[in-house]
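Protein chains in written order, with the working numbering: chain A, 7 to 311; chain B, 28 to 399.
We put the CB at the ideal spot given by N, CA and C, even for glycine.
Encoded as structure tokens, the structure appears first; notes follow it.
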């Protein structure tokens with residue numbers, strides 16, 4: 007049995023005149039012990055989906071189960087078994103680190119000692135600050151504390167809504183390592199992120215956009231499905247270069263990706279042709295090379311179609 | 028029970044860590060009770076008087092000195108030009124003009140009758156009303172004195188004369204503060220009970236902690252009780268502080284039993300806590316909660332009998348005071364403090380308050396949905 011099953015979930019906001027549909031029939035399964043990523047830009051419907059699965063929001067259509075329990079009917083059972091870390095830091099800022107953890111342990115009818123080994127690896131990192139108020143912690147520390155609080159009752163499914171948004175690169179890396187560690191313990195993890203580069207750290211990902219799923223696959227599978235030739239191009243005048251490239255016949259897409267622009271072309275074009283085209287347009291320091299696609303390229307491609 | 032204990036522990040910790048709330052609880056009652064009763068007073072004093080004396084006689088001077096020695100009036104202007112006196116009123120330097128005509132003393136002696144004119148600045152209605160009334164009664168008094176001097180009364184009064192003397196019960200000296208302090212105390216308890224509660228719950232919504240609480244298997248009633256109990260305790264505590272200040276500063280010792288007040292307050296707080304809970308279910312930010320609370324507070328106070336008598340309100344306002352919890356508590360406070368009423372005397376108030384508590388709380392719990 008899958009840990010999470012979402013079946014044609016629909017969520018709309020607003021009334022009569024001004025209806026906004028946040029989720030258009032989303033379906034997916036997450037297997038037990040899987041690290042599943044929901045990847046999509048802001049406003050794609052990630053948070054609505056999480057709130058439905060954690061029983062905080064009622065879906066307007068479709069159904070979903072977590073550990074076999076229905077999110078509407080059996081919400082009480084689900085709340086005992088899942089951990090949820092909302093996108094916004096929502097612990098008590100005026101309580102200390104230790105008090106927060108103790109508080110959440112208590113309302114789950116357990117104690118810190120009981121499940122200490124689960125949170126130990128994370129907690130030792132924030133333990134030096136345990137008498138500091140949660141509101142005074144740095145962003146990365148806050149995320150670690152929130153994760154501890156979400157784990158303190160040993161949930162079998164963990165929902166993390168954009169845990170790495172607004173966190174520095176080093177803390178992000180550490181955070182994903184922690185998630186790996188939790189996965190080894192058999193905890194099913196559903197994590198959402200707007201960062202495409204984090205997709206490759208998941209077992210499987212669902213790319214979502216405007217409340218619909220565009221693709222569900224392993225990161226490798228998604229990348230493998232990208233079949234068009236892709237080049238990275240760079241000149242001294244990047245903005246003009248993009249405009250020039252989009253005018254060339256056979257160029258489908260051109261967007262900034264790091265310090266290069268990624269250029270998606272029809273099979274007829276090759277690197278040499280692009281190179282000479284750019285030189286003819288008067289660009290200097292032209293560099294064009296074939297490049298392997300990443301998740302972001304796939305996302306851009308899926309979004310277009 | 029263990030969960031509830033921890034919820035309460037958490038609430039108290041948060042309350043005692045929040046300097047703003049602490050200030051509200053300890054300093055606000057002290058300041059309000061120390062300052063307001065001295066300033067909020069019905070008696071109008073320092074009425075600025077302009078006298079237009081066209082007579083300049085012994086009588087007119089006697090009248091003027093009688094008026095100014097009453098203590099209510101300040102002689103601001105003295106001349107024999109009505110025009111100048113009106114300018115004083117227009118410049119807001121005088122509140123009242125008393126014009127004494129040129130033939131004033133002659134009329135009194137010859138005709139046994141003289142007239143005076145009062146012109147009152149009615150921009151401040153209360154001042155105008157009371158000032159006019161004071162002056163009128165002083166002039167009447169003056170009138171009587173003169174008559175005594177001139178007329179030889181027969182042994183029995185030829186006209187029928189009814190004289191009234193009054194005696195004030197429960198507050199013999201009409202001490203304004205005896206009447207005001209218990210009322211202000213009610214407002215304080217209401218602020219703590221209803222508004223701190225609503226702000227506290229809304230704060231959890233605002234910073235998102237309620238979300239985190241809602242995914243836990245915690246029961247709805249645990250959460251609500253965890254919120255209400257601390258403010259119930261704090262409300263009674265503030266009442267205690269207030270009664271102590273009333274006793275120490277104003278010497279107001281309740282004639283009735285203090286336990287009666289606390290007994291009613293315990294019930295009253297249940298009702299206002301329900302109100303606080305209700306406000307919090309209809310608002311999603313502290314700002315909204317404050318504005319809504321402020322609006323309700325104004326209505327409750329102005330239609331609660333604190334400043335104006337309920338008996339003189341129009342019928343619709345009187346009907347509203349029947350569902351205004353504040354008006355019941357103000358009434359009970361005054362009954363117990365001034366009159367010494369016991370539990371049996373306030374039984375209907377208790378019953379009504381219990382009814383209001385049940386209605387407000389069930390409404391609040393009904394509209395407070397743990398699931399969005």
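{"query": "Quick check: the Cα distance between residue 226 of chain A and residue 251 of chain B, rounded to an integer number of angstroms?", "result": "49 Å"}
{"query": "Where do the N-terminal and C-terminal ends of the alpha helix (DSSP H) with residue 134 of chain B fall, by residue?", "result": "131-138"}
{"query": "Where residue 397 of chain B and residue 241 of chain B are concerned, what is the direct C-alpha to C-alpha distance, given to the nearest angstrom?", "result": "Legend: pLDDT at residue 397 of chain B = 46, less than 50; position of this residue unreliable, no value from coordinates given."}
{"query": "Determine the contact status of residue 265 of chain B and residue 216 of chain B, defining contact as a CB-CB distance below 9 Å.", "result": "yes"}
{"query": "Please compile the residues from chain A whose C-beta is within a distance smaller than 9 Å of the C-beta of residue 41 of chain B.", "result": "98, 100 and 101"}
{"query": "Hey, residue 308 of chain A and residue 213 of chain A: beta-carbon distance below 9 Å or not?", "result": "yes"}
{"query": "Do residue 151 of chain A and residue 140 of chain A come within 9 Å of each other at the CB atom, strictly closer than that value?", "result": "yes"}
{"query": "Got a sec: is the Cβ-Cβ distance from residue 374 of chain B to anything in chain A below 9 Å?", "result": "no"}
{"query": "Just checking: is the beta-carbon of residue 74 of chain B within a distance shorter than 9 Å of some beta-carbon in chain A?", "result": "no"}
{"query": "Can you name the start and end residues of the alpha helix (DSSP H) that residue 307 of chain A belongs to?", "result": "301-310"}
{"query": "Give the single residue among A:133, A:257 and A:9 whose Cα lies nearest to the Cα of residue 72 of chain A.", "result": "A:9"}
{"query": "For the segment 113-138 of chain A, list every residue whose C-beta sits within 8 Å of some C-beta in chain B, in sequence order.", "result": "113, 114 and 115"}
{"query": "Report the residue from A:112, A:281 and A:170 whose alpha carbon sits nearest the alpha carbon of residue 159 of chain A.", "result": "A:112"}
{"query": "Which residues in the same chain as residue 220 of chain B place their Cβ atom closer than 7 Å to its Cβ, once the five residues preceding and following it in sequence are excluded?", "result": "258, 262, 296, 299, 300 and 303"}
{"query": "Considering only DSSP beta bridges, list what residue 154 of chain A is partnered with.", "result": "Residue 154 of chain A pairs with nothing; no bridge assigned."}
{"query": "If the cut-off is 7 Å on Cβ atoms, which residues from the segment 244-269 of chain B count as contacting chain A, listed in chain order?", "result": "244 and 245"}
{"query": "Got a sec? Which residues, its chain only, sit under 7 Å from residue 252 of chain A by beta carbon, not counting five neighbours each side?", "result": "260"}
{"query": "Quick one, are the C-beta atoms of residue 132 of chain A and residue 211 of chain A less than 9 Å apart?", "result": "no"}
{"query": "Apply the 10 Å Cβ neighbour rule to residue 101 of chain B and answer buried if 16 or more other Cβ atoms are within range, or exposed otherwise.", "result": "exposed"}
{"query": "Just to check my reading of the structure: residue 134 of chain B and residue 140 of chain B have Cβ atoms closer than 8 Å, yes? What is that Cβ distance to the nearest angstrom?", "result": "6 Å"}
{"query": "Identify, in the order they occur along the chain, each residue of the same chain with its Cβ nearer than 8 Å to the Cβ of residue 265 of chain A, setting aside the five sequence neighbours on each side.", "result": "240"}
{"query": "Taking the alpha carbon of residue 234 of chain A as the reference point, which residue from A:177, A:223 and A:257 has its own alpha carbon closest?", "result": "A:257"}
{"query": "Would you please verify whether the beta carbon of residue 105 of chain A is less than 9 Å from any beta carbon of chain B?", "result": "yes"}
{"query": "In angstroms with no decimal places, state the Cα-to-Cα distance between residue 63 of chain B and residue 277 of chain B.", "result": "12 Å"}
{"query": "Tell me which residue opens and which closes the alpha helix (DSSP H) that residue 268 of chain A is part of.", "result": "No alpha helix (DSSP H) contains residue 268 of chain A, which is instead part of the beta strand (DSSP E) from 266-271."}
{"query": "Determine which residues of the segment 72-88 of chain A have a Cβ less than 8 Å from any Cβ of chain B, and write them out in chain order.", "result": "81, 82, 85, 86 and 88"}
{"query": "With 8 Å as the limit, tell me which residues of the segment 266-297 of chain B have their beta carbon closer than that to any beta carbon of chain A; keep them in chain order.", "result": "none"}
{"query": "What are the boundary residues of the alpha helix (DSSP H) that includes residue 263 of chain A?", "result": "Here residue 263 of chain A belongs to no alpha helix (DSSP H); instead the beta strand (DSSP E) covers 257-263."}
{"query": "Are the CB atoms of residue 77 of chain B and residue 103 of chain B within a distance shorter than 9 Å?", "result": "yes"}
{"query": "Would you tell me roughly how many angstroms separate the C-alpha atoms of residue 157 of chain B and residue 73 of chain B, rounded to the nearest one?", "result": "12 Å"}
{"query": "What residue ranges within the segment 188-217 of chain A form continuous beta strand (DSSP E) runs of no fewer than 3 residues, ordered along the chain?", "result": "194-199 and 210-215"}
{"query": "Could you check what DSSP says for residue 95 of chain B in three-state terms: helix, strand or coil?", "result": "helix"}
{"query": "Starting from residue 37 of chain B, find everything on chain A with Cβ-Cβ shorter than 8 Å and list it in chain order.", "result": "98, 101, 105 and 109"}
{"query": "Please check if any C-beta of chain B sits within less than 9 Å of the C-beta of residue 62 of chain A.", "result": "yes"}
{"query": "Is it buried or exposed for residue 305 of chain A, if we count other Cβ within 10 angstroms and need 16 for buried?", "result": "buried"}
{"query": "Against residue 65 of chain A, what residues of chain B qualify as contacts under a CB-to-CB distance less than 8 Å, listed in chain order?", "result": "Neighbours of residue 65 of chain A on chain B: none; closest Cβ ~12 Å, over 8 Å."}
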